[in-house]
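Asker: If you're matching positions, the sequence shown starts at 1 in full-length UniProt numbering and goes up one per residue.
Ideal Cβ positions, reconstructed from N, Cα and C, are used throughout, including at glycine.
Got a structure for you, written out below as structure tokens; questions coming shortly.
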Amino acid sequence: MDTMLAGLADVAADDIVVGGSNERTHLENLCAVFTRLREYGFKVRKEKCSFMQREIKYLGHIMDVNGLRPDPAKIDVIARMPAPRQPSELRSFLGAVNYYGKFVPQMRNLRYPLDELLKKDGPWRWNIECERAFDMFKRILSSELLLTHYDPKKEIIVAADASSVGVGATISHRMDDGSLKVVQHAARALTKTEAKYSQPDREGLAVIYAVTKFHRMLFGRKFTLQTDHVPLIRIFGSRSGIPVYTANRLQRRALTLLRYDFSIEYVPTDKIGNADVLSRLITEHEQPGEDYVIASLEVETDMDAILEGITGVMPLSFEDVVETTRSDPLLREVARYVKQGWPRGPLKHERFAGKERVS
1 MDTMLAGLAD VAADDIVVGG SNERTHLENL CAVFTRLREY GFKVRKEKCS
51 FMQREIKYLG HIMDVNGLRP DPAKIDVIAR MPAPRQPSEL RSFLGAVNYY
101 GKFVPQMRNL RYPLDELLKK DGPWRWNIEC ERAFDMFKRI LSSELLLTHY
151 DPKKEIIVAA DASSVGVGAT ISHRMDDGSL KVVQHAARAL TKTEAKYSQP
201 DREGLAVIYA VTKFHRMLFG RKFTLQTDHV PLIRIFGSRS GIPVYTANRL
251 QRRALTLLRY DFSIEYVPTD KIGNADVLSR LITEHEQPGE DYVIASLEVE
301 TDMDAILEGI TGVMPLSFED VVETTRSDPL LREVARYVKQ GWPRGPLKHE
351 RFAGKERVS
């Protein structure tokens with residue numbers, strides 16, 4: 001889609017935005033996009049289109065004549081964060097503050113009242129100075145200083161974490177100076193059932209929550225997934241398939257992730273930034289139901305639409321591919337191995353090195 005509409009419109013997954021400096025230019029650009037779509041055999045649904053808008057919400061931003069600005073909803077989870085109630089919650093919050101310390105002048109002086117609460121054997125007395133420091137850091141964490149606009153051309157980092165009460169996630173960009181800037185925060189409380197999950201299951205839930213929450217910014221693009229839970233690296237990152245010992249719930253989540261193009265890496269808790277603190281300091285118990293299942297159904301719908309559009313203009317049909325595969329000795333052998341099992345010992349052809357990606 002990006003290549004097809006290059007130079008004509010901004011595209012993210014199946015969303016297309018067409019602009020113009022005035023009404024005439026806008027209509028000319030719109031006609032050019034429709035012409036290109038027709039050439040490639042694509043169609044759009046009228047009921048899903050909005051025309052001649054002066055302001056739109058797009059990928060976590062509000063876009064109008066003045067340009068882009070953050071959608072207040074994407075930082076609302078920070079603004080609603082309640083004050084810590086115990087040292088462990090405060091340490092988690094300060095971990096997020098430290099993560100972005102390079103952007104905040106006089107960091108040590110600003111956080112002094114909060115550090116005093118964490119002194120060994122010291123009393124827990126949350127006073128007005130602590131409240132002011134906490135509110136100030138919330139403003140900093142949700143300010144333009146630390147937030148950036150979504151840019152599909154920049155490196156995408158998704159961090160997910162879980163606590164005993166909630167899941168948190170951030171989507172960020174790696175900037176030219178190597179720093180990370182957040183595009184959007186997200187968090188929700190666990191249901192009573194989810195709160196009884198084992199820690200690996202909760203961490204897996206956090207990952208699914210992250211990729212489905214940020215689906216429109218991730219689907220069809222390469223990104224890095226960060227977790228502070230080492231077992232997930234093996235379960236979600238293995239190229240040799242899902243481990244047979246994996247619990248059913250994690251197996252289902254691993255299958256959901258197959259729809260996305262990502263690499264996964266371990267990051268210590270104190271380096272994972274806002275995802276940790278968001279999972280611990282959440283304000284309300286939102287009932288998510290099966291939101292990750294609903295989101296995966298949306299992914300399937302998007303994939304079906306994309307495949308339908310692509311196959312409609314392909315010079316080859318699936319039947320052609322099947323027939324050609326049957327006439328090729330090597331591919332016939334691969335198809336037989338996929339159905340009946342791969343032989344033990346050294347494989348006879350170097351191309352079989354990628355057998356775990358064949359299904």
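1. Give the straight-line distance between the Cα atoms of Ser50 and Asp135, rounded to the nearest whole angstrom.
2. Please list, in chain order, all residues of the same chain as Glu203 whose beta carbon is under 7 Å from its beta carbon, the five residues on each side excluded.
3. Apart from the five residues just before and just after Thr324, which ones in its own chain have a Cβ nearer than 7 Å to its Cβ?
4. If you check the beta carbons only, do Arg216 and Asp15 fall under 8 Å apart?
5. With DSSP collapsed to three states, give me the class of Thr325.
6. What three-state label does DSSP hand Phe15 in the structure shown?
7. Within 10 Å of its beta-carbon, does Arg234 have 16 or more other beta-carbons around it, so buried, or fewer, so exposed?
8. In its own chain, which residues sit with a C-beta less than 6 Å from the C-beta of Ile156, not counting the 5 before and 5 after it?
9. Can you give me the start and stop residues for the beta strand (DSSP E) that Tyr266 sits inside?
10. If we ignore side chains and look at the alpha-carbon of each, how far apart do Arg252 and Pro200 end up?
11. With H, G and I counted as helix, E and B as strand and the rest as coil, what does DSSP make of Thr269?
12. How far does the alpha helix (DSSP H) with Ala210 in it extend, from its first residue to its last?
13. Which value, in whole angstroms, describes the spacing of the CA atoms of Cys31 and Lys192?
14. Would you list the residues sitting across from Arg174 in a DSSP beta bridge?
15. Can you list, in chain order, the residues of its chain with a C-beta nearer than 8 Å to that of His173? Leave out the 5 residues immediately preceding and following it.
16. Excluding the five sequence neighbours on either side, which residues of its own chain have a C-beta within less than 8 Å of the C-beta of Tyr260, listed in chain order?
17. Alpha carbons only, please: which of Asn29, Ser317, Pro87 and Glu194 is nearest the one belonging to Glu116?
18. When the Cα atoms are used, what is the spatial distance from Tyr337 to Pro343?
19. Output yes or no for whether 8 Å exceeds the beta carbon distance between Arg80 and Leu94.
20. How should Leu225 be labelled, buried or exposed, when 16 other C-beta atoms within 10 angstroms of its C-beta is the threshold for buried?
21. Only counting the same chain, and skipping five residues up and downstream in sequence, which positions put a Cβ closer than 8 Å to that of Glu290?
22. Quick check on the DSSP output: the alpha helix (DSSP H) that includes residue 375 runs from which residue to which?
23. What is the residue span of the alpha helix (DSSP H) that Phe51 lies within?
24. Mark Val97 as exposed unless 16 or more other C-beta atoms lie within 10 angstroms of its C-beta, in which case mark it buried.
25. Hey, could you find the ends of the beta strand (DSSP E) Glu55 is sitting in?
26. Quick test of your reading: Leu205 and Gly166, contact by CB under 8 Å. State the CB separation rounded to the nearest angstrom.
27. Under a Cβ-count criterion, where at least 16 other Cβ atoms within 10 Å of its own Cβ denotes burial, should Thr256 be classed as buried or exposed?
28. For Ala133 versus Pro113, is the C-beta distance shorter than 8 Å?
29. Taking only the alpha-carbon atoms, compute the straight-line gap between Gly178 and Ala254 and give it to the nearest angstrom.
30. Measuring alpha carbon to alpha carbon, tell me which of Ile208, Glu319, Lys57 and Lys48 ends up nearest Arg249.
31. Which residue from Lys339, Trp126 and Met52 puts its Cα closest to that of Arg24?
32. Is any beta-carbon of chain B found at less than 8 Å from that of Arg38?
33. Between which two residues does the alpha helix (DSSP H) holding Gln251 run?
34. Considering only residues of the same chain and omitting the five flanking positions on each side of Glu333, which have a CB-CB separation below 6 Å?
35. How long is the line joining the alpha carbons of Ala187 and Tyr197, rounded to whole angstroms?
Answerer: In short, the structure shows the following:
1. Between Ser50 and Asp135, the C-alpha separation is close to 39 Å.
2. Ala162, Thr227, His229 and Leu232, listed in sequence order.
3. Closer than 7 Å at Cβ, skipping near neighbours: no residue.
4. Yes.
5. Judged by DSSP in its simplified three-state form, Thr325 adopts helix.
6. Sequence check: residue 15 is Asp here, not Phe. Judged by DSSP in its simplified three-state form, Asp15 adopts strand.
7. Here Arg234 is exposed. Its C-beta has fewer than 16 other C-beta atoms within 10 Å.
8. Exclusion of the five residues before and after Ile156 leaves Phe223 as the residues of its chain whose Cβ lies within less than 6 Å of its Cβ.
9. Looking at the DSSP string, the run of the beta strand (DSSP E) that includes Tyr266 is Asp261 to Tyr266.
10. Each residue's Cα considered, the two are about 13 Å apart.
11. Thr269: helix per DSSP, three-state reduction.
12. Going by DSSP, Ala210 is part of the alpha helix (DSSP H) stretching over Gln199 to Lys213.
13. Distance between the alpha carbons of Cys31 and Lys192 is about 52 Å.
14. Under DSSP, Arg174 takes part in a beta bridge, and its partners are Glu155 and Leu180.
15. Answer for His173: Thr148, Tyr150, Asp151, Lys154, Glu155, Ile156, Ile157, Leu180, Lys181 and Val183, listed in chain order.
16. Excluding positions up to five away in sequence, the list reads Val211, Leu218, Phe219 and Phe223.
17. Minimum Cα distance to Glu116 is reached at Pro87.
18. If you draw a straight line from the Cα of Tyr337 to the Cα of Pro343, it comes to about 8 Å.
19. Taking 8 Å as the Cβ cut-off, Arg80 and Leu94 do not qualify as a contacting pair.
20. It is buried - the Cβ of Leu225 has at least 16 other Cβ atoms within 10 Å.
21. Here the model assigns Glu290 a pLDDT of 34, short of 50, so the residue's position is not dependable, and the following value carries that caveat. Nothing meets the Cβ criterion.
22. This structure cannot speak to residue 375, because the chain is shown only from 1 to 359.
23. Annotation: Phe51 is outside any alpha helix (DSSP H) and is labelled neither H nor E by DSSP.
24. Label assigned to Val97: buried.
25. Run containing Glu55: Glu55 to Tyr58, per the beta strand (DSSP E) assignment.
26. Wrong, their Cβ atoms sit about 10 Å apart, outside the cutoff.
27. So Thr256 ends up on the buried side.
28. Yes; because the gap between Cβ atoms is below 8 Å, this pair is in contact.
29. Gly178 and Ala254 have their C-alpha atoms roughly 30 Å apart.
30. Checking every option, the nearest Cα to that of Arg249 belongs to Ile208.
31. Among Lys339, Trp126 and Met52, the Cα nearest to that of Arg24 belongs to Met52.
32. Structure shown: chain B not included; a single protein chain is present.
33. Unbroken alpha helix (DSSP H) run through Gln251: Asn248 to Leu257.
34. No residues qualify anywhere along the chain.
35. Cα-Cα distance, rounded: 17 Å.
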